[in-house]
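Asker:
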Amino acid sequence: MELLDEKQVAKLLRVSLASVRRWRQRKTGPTYIKAGACVRYRREDVEAWLRGREVKPEAAFDAR
Numbered sequence: 025m026e027l028l029d030e031k032q033v034a035k036l037l038r039v040s041l042a043s044v045r046r047w048r049q050r051k052t053g054p055t056y057i058k059a060g061a062c063v064r065y066r067r068e069d070v071e072a073w074l075r076g077r078e079v080k081p082e083a084a085f086d087a088r
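Using the numbering used here, read the sequence shown as starting at 25 and increasing by one per residue.
This is the structure:
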């Protein structure tokens with residue numbers, strides 16, 4: 025199990041540290057582990073969260 029801190033998550037996802045913190049505060053981001061003041065993310069949880077946000081393109085538009 026690989027644990028990442030919030031800076032590593034931000035770098036992995038190419039977003040700001042503030043975004044990662046905002047997602048955690050709003051409970052919209054990846055699952056995290058909190059031990060005292062330390063926040064850690066399992067790499068597999070971050071990857072699963074990212075896969076869950078995948079948007080598939082819609083079928084070809086038929087303009088009539």
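Ideal Cβ positions, reconstructed from N, Cα and C, are used throughout, including at glycine. Source: prediction; values computed, not measured.
CB-CB under 8 Å to Ala34, same chain, minus the five flanking residues each way: which ones, in chain order?
Answerer: Cβ neighbours of Ala34 beyond the five flanking positions: Ser40, Leu41, Ser43, Val44.
Asker: What span of residues does the beta strand (DSSP E) with Ala59 cover, start to end?
Answerer: Start and end: 57-59.
Asker: Within 10 angstroms of its Cβ, does Leu28 collect 16 or more other Cβ (buried), or is it exposed?
Answerer: Flag for Leu28 reads buried.
Asker: Would you identify the three-state DSSP class for Val63, choosing helix, strand or coil?
Answerer: Val63 falls in the strand class under three-state DSSP.
Asker: On a CA-only basis, which of Leu37, Glu30, Arg38, Arg66 is nearest Gln49? Give me that one, please.
Answerer: It is Glu30 whose Cα lies nearest to the Cα of Gln49.
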